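Engineer:
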Amino acid sequence: MSRKTGAIGVLIAGILLLIMNFLELDFNHLEKGPLAGILSNVLLIIAMILSIRHLNNEEQT
410 MSRKTGAIGV LIAGILLLIM NFLELDFNHL EKGPLAGILS NVLLIIAMIL
460 SIRHLNNEEQ T
């Protein structure tokens with residue numbers, strides 16, 4: 410498995426976990442919600458997108 414394939418797999422897993430956290434979100438009781446989980450998934454998705462872009466740039470050179 411290449412680094413790019415691994416990064417894409419982590420990206421897909423992060424998106425699925427983000428969707429699950431949004432489904433568990435209770436707007437009536439936000440203090441009990443998974444806000445930290447949502448934030449960490451967003452940061453993970455951003456990191457994987459940047460990593461994939463960097464790997465694509467390395468392949469072109």
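Numbered by our numbering, the letters in the sequence shown go through residues 410 to 470 in order.
Ideal Cβ positions, reconstructed from N, Cα and C, are used throughout, including at glycine.
Remember, it's a predicted structure, so these values are computed and weren't measured experimentally.
According to DSSP, is residue 411 helix, strand or coil?
Structural biologist: The answer is coil: DSSP assigns residue 411 none of H, G, I, E or B.
Engineer: Please report how far the alpha carbon of residue 455 lies from the alpha carbon of residue 432, in whole angstroms.
Structural biologist: Approximately 21 Å, taken between the alpha carbons.
Engineer: Within its chain, find whatever has a CB closer than 6 Å to the CB of residue 430; leave out the 5 residues flanking it on each side and keep chain order.
Structural biologist: For residue 430, where only same-chain residues beyond five positions count, the Cβ hits under 6 Å are 443, 446, 447.
Engineer: Measuring straight from C-alpha to C-alpha, what distance separates residue 404 and residue 461?
Structural biologist: Residue numbering for the chain in the displayed model covers 410 to 470; residue 404 lies beyond these limits and cannot be assessed.
Engineer: What are the boundary residues of the alpha helix (DSSP H) that includes residue 448?
Structural biologist: Here the alpha helix (DSSP H) through residue 448 covers 444-469.
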